[in-house]
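K.L.:
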Amino acid sequence: MRSEQFLWDAIRNSDVTGLEMLYKQYNEVLYSYGKRFTGDTHLVEDAVQETFISIWKYRHNLAAGSNPTYYLLRSFRNTLLQLLQTRSGTTYTEESLDFSFEVAFDSKLIAGEEAAILSRRVQQALAQLTGRQREIIYFRFFEGLSFEEIAGIMQMQVRATYKLSARALAALRGIMASGTGSLLLLVLIPHWA
């Protein structure tokens, strides 16, 4: 976080090298996040570029001490949604967005075939959740973001993120309870890759 803050401050002080370094550090993160919404790689690449152009354009308005990861994810998400709407002519609501991601387990915790079976079951369970539920699970357990940061990115009230997270986990527990793995899922959540 300290190096990110240093780069953020450099950008605020019109140091283009800071922007270049931040781009190198976050390009793949943002691209990967965008691919979870759409398979249009050109659109995702455009959204990444537009996000960094916007950061540079409004660099003097960037808040000192703000979390660069949070800011980049929120800005990128907004840019991507605007581009999706512009190019498709479709109005997207938060509920209509389809968010997906792949689950992989640490092979040190589970043997190969068991990990593949559990991963497949979790993937099937996640597919039954809404896009927003999948997104909040991704942010909370895979990116390690706080509820406050998630609320900002997903443009929700903090209290609503707690509810959405609880409902998503309850739904996952219910889906996974139909077979083995419910307890194992709860144990493994912090260890997902």
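Per UniProt numbering, the sequence shown starts with residue 1, numbered consecutively.
For every residue, glycine included, the Cβ atom is placed at its ideal position computed from N, Cα and C.
Just so you know, these numbers come straight off a predicted model, no measurement behind them.
Under a three-way DSSP split, which group does Leu-188 fall into?
P.N.:
Here the model assigns Leu-188 a pLDDT of 46, short of 50, so the residue's position is not dependable and the matter cannot be decided.
K.L.:
Count the CB pairs spanning the region 133-146 and the region 53-66 that are closer than 8 Å, and state whether there are at least three.
P.N.:
The answer is no - the region 53-66 does not touch the region 133-146, with fewer than three Cβ pairs under 8 Å.
K.L.:
Could you tell me the distance, in whole angstroms, from the CA atom of Arg-167 to the CA atom of Glu-135?
P.N.:
Approximately 13 Å, taken between the alpha carbons.
K.L.:
Please name the residue in Ala-160, Leu-129, Gln-155 and Pro-68 whose C-alpha comes closest to that of Asp-9.
P.N.:
Nearest option by C-alpha distance: Pro-68.
K.L.:
Please classify Asn-67: does DSSP put it in a helix, a strand, or coil?
P.N.:
Correct three-state label for Asn-67: coil.
K.L.:
Please determine, among Ser-88, Arg-36, Lys-35 and Arg-132, the residue with the shortest C-alpha to C-alpha distance to Met-156.
P.N.:
Comparing Cα-Cα distances from Met-156 to each of Ser-88, Arg-36, Lys-35 and Arg-132, the minimum goes to Arg-132.
K.L.:
Given a threshold of 16 other Cβ atoms within 10 Å of its Cβ, counted over all protein chains shown, does Glu-28 qualify as buried or as exposed?
P.N.:
Exposed, because fewer than 16 other Cβ atoms sit within 10 Å of the Cβ of Glu-28.
K.L.:
Take Ala-47 and list the residues in its own chain whose beta-carbon comes closer than 7 Å to its own, dropping the five residues that flank it on each side.
P.N.:
Here the set comprises Gly-34, Phe-76, Thr-79, Leu-80 and Leu-83.
K.L.:
Alpha carbon to alpha carbon, what distance is there between His-42 and Ala-160?
P.N.:
Using only the alpha carbons, I get a separation of about 33 Å.
K.L.:
Roughly how many angstroms separate the alpha carbons of Asp-13 and Ile-137, rounded to a whole number?
P.N.:
The identity of residue 13 in the sequence shown is Asn, whereas the question assumes Asp. Using only the alpha carbons, I get a separation of about 35 Å.
K.L.:
Do you know how far the Cα of Arg-120 is from the Cα of Ile-175?
P.N.:
Going from the Cα of Ile-175 to the Cα of Arg-120 covers about 13 Å.
K.L.:
In chain order, what residues of the same chain have a beta carbon less than 6 Å from the beta carbon of Gln-51, not counting five sequence neighbours either side?
P.N.:
A small correction: the amino acid at residue 51 is Thr; Gln does not occupy that position in the sequence shown. Once the five neighbours on either side are set aside, the close Cβ partners of Thr-51 are Ser-75, Phe-76 and Thr-79.
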